[in-house]
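In what follows, a single structure is set out as structure tokens and then discussed.
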Amino acid sequence: APRGANVVGGFSGGVPGFSASSLPIYSGPVNALAPNTRLSFGTVSCGGDGATTACVDSRNQAGFVVSPGASWIVNQVNPLVARPEGTNPFFN
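Under our numbering, the residue at position 5 of the sequence shown is numbered 22, and the numbers go up by one with no gaps.
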């Protein structure tokens, strides 16, 4: 993850962000998202293939991708609201 981050967080309707924590967020074991499944809550959906996990919020199309090779934030600016000249909001 960027700059040594080990946590990604956010809220519905907002843009997620990476951060670092010196302590675990949860005290017990955490269940991994099974490969080729999706988990949704409200307007946020996450899915993965066993190596890469991606989450997106249908309210603003912002989200994140976490993978072994790289991790990044998707659509930090809502493409349906702020469209630079020559871009298409329906093609990410």
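Even for Gly, the Cβ is constructed at its ideal location relative to N, Cα and C. Nothing here was measured: the structure is a model prediction, and the numbers come from that model.
Cβ pair residue i, residue j closer than 8 angstroms
{"i": "V83", "j": "A18", "result": "yes"}
{"i": "S36", "j": "G26", "result": "yes"}
{"i": "V24", "j": "I42", "result": "yes"}
{"i": "G59", "j": "C72", "result": "no"}
{"i": "N53", "j": "D66", "result": "yes"}
Start-to-end residues for the beta strand (DSSP E) that takes in residue i
{"i": "I90", "result": "S88 to V91"}
{"i": "G30", "result": "G30 -> no beta strand (DSSP E), and no H or E assigned at all."}
{"i": "R83", "result": "Before going on, a small fix: residue 83 reads as Val here, not Arg. Counting along the chain, the beta strand (DSSP E) containing V83 begins and ends at G80 to V83."}
Chain C contact for residue i (CB, 8 angstroms cutoff)
{"i": "G27", "result": "Protein chain content of the structure displayed is limited to a single chain, and chain C is not contained in it."}
8 angstroms contact criterion, which residue i and residue j should meet: CB distance rounded
{"i": "D74", "j": "G30", "result": "7 angstroms"}
{"i": "A68", "j": "P46", "result": "About 20 angstroms; that fails the 8 angstroms criterion."}
Simplified DSSP state of residue i, which is helix, strand or coil
{"i": "G21", "result": "helix"}
{"i": "L50", "result": "coil"}
{"i": "L56", "result": "strand"}
{"i": "V61", "result": "strand"}
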